[in-house]
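> Here's a structure for you.
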Ligand SMILES: Cc1ncc(COP(=O)(O)O)c(C=O)c1O
């Protein structure tokens, strides 16, 4: 990763090597940190953030789900994002915002202090590969998605990602790119870090919220696709429906839309006709070619 990054940490820009926490910090040793990630796109008059308000709403909701309080208001975090993007001269890239308790603890679990905040602005690189079009292989992970009565799955909490890590590890060890998790109810949930759509008889389907993260890309596809004449449905999806889908694609802020070319031992057309249309409409939106969606961009 780029060593010259300037990181916004609690109100100051510091060098990346200085943006650290102690090993005994609550965030690290108890895994209590939360985060959010959003895209930055080079607009005609400078960098634009994609759905900044929605990402910050989800970020503050993540804190609220965990009954934690941030040290900074949404307005202050917007200023921090602007300052970080400027300091790092970002064109295309991503913003990663984290909140955590940097206080050291040995046995304590519940702290009353407010969360520290760090903002990273990371430019596109070979490691990120934000705009490359490629197809992927996927399998059903042996792990189930965390049950929403055990932890709030709507919180983008770092500790929840052990679940995603295990699913990805399982998939990679079996020769697939990603693992897709079913919920403990046996219905499709999501990928480790991506939401899943299937296409059946021309209809775009995705699981409802409640057991999955409220992905901003998922929401954008659900809001934009009908404007382009596509039918979308949010409904519980069985493993059989997933296994017999005409098309499967996954979505994520960084990678946007990735078509699944192999699911378990089945080859699929990838990208299929509907997936191709979704990719095209998202490309048009992200490259400011569609006036209707300019409201999703926030100048930085
Ligand atoms: C568990 C999970 N689901 C879905 C997504 C996609 O969310 P978004 O579109 O907001 O990137 C992510 C993103 O990191 C994720 O971690």
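Residue numbers (this note's numbering): -7 to 292. Just so it is clear, CB atoms sit at the ideal spot from N, CA and C, and this is done for glycine as well.
1. From this set, 178, 256, 221, 242, which residue's C-alpha is nearest residue 188's C-alpha?
2. Please return the same chain residues whose Cβ sits closer than 8 Å to the Cβ of residue 52, not counting the five positions on each side in sequence.
3. Please confirm whether residue 29 and residue 87 have their CB atoms less than 8 Å apart.
4. Closer than 5 Å between the C-beta and any heavy atom of ligand 1: which residues qualify, listed along the chain?
5. With distances taken between CB atoms, is the gap from residue 130 to residue 82 smaller than 8 Å?
6. Whose CA, out of 275, 252, 73, lies closest to the CA of residue 264?
7. Which stretch, first to last residue, makes up the alpha helix (DSSP H) that contains residue 265?
8. For residue 110, write down the residues that DSSP places opposite it in a beta bridge.
9. Counting Cβ pairs closer than 8 Å, one from the segment 228 to 244 and one from the segment 189 to 206, do we hit at least three?
10. Report the CB separation of residue 96 from residue 17 in whole angstroms; it is logged as a contact under 8 Å.
11. Whose C-beta lies closer than 8 Å to the C-beta of residue 216 among residues of the same chain, with five residues either side of it excluded?
12. Which residues in the same chain have their Cβ closer than 7 Å to the Cβ of residue 269, if we skip the five residues on either side of it in sequence?
Looking at the atomic coordinates:
1. For the set 178, 256, 221, 242, the Cα lying nearest the Cα of residue 188 is the one of 242.
2. These residues qualify, in order along the chain: 62, 66.
3. For residue 29 and residue 87, yes; Cβs fall inside 8 Å.
4. The answer, residue by residue, is 182, 185, 187, 205, 207, 208, 209, 244, 245.
5. No; because the gap between Cβ atoms is not below 8 Å, this pair is not in contact.
6. Selected option, being the one with the closest Cα: 252.
7. Unbroken alpha helix (DSSP H) run through residue 265: 265 to 278.
8. Partner(s): 1, 90.
9. The segment 228 to 244 vs the segment 189 to 206: in contact.
10. Residue 96 to residue 17, Cβ: 6 Å. Contact.
11. So the list reads 273, 274, 277, 285, once near-sequence residues are dropped.
12. Cβ within range, chain order: 220, 222.
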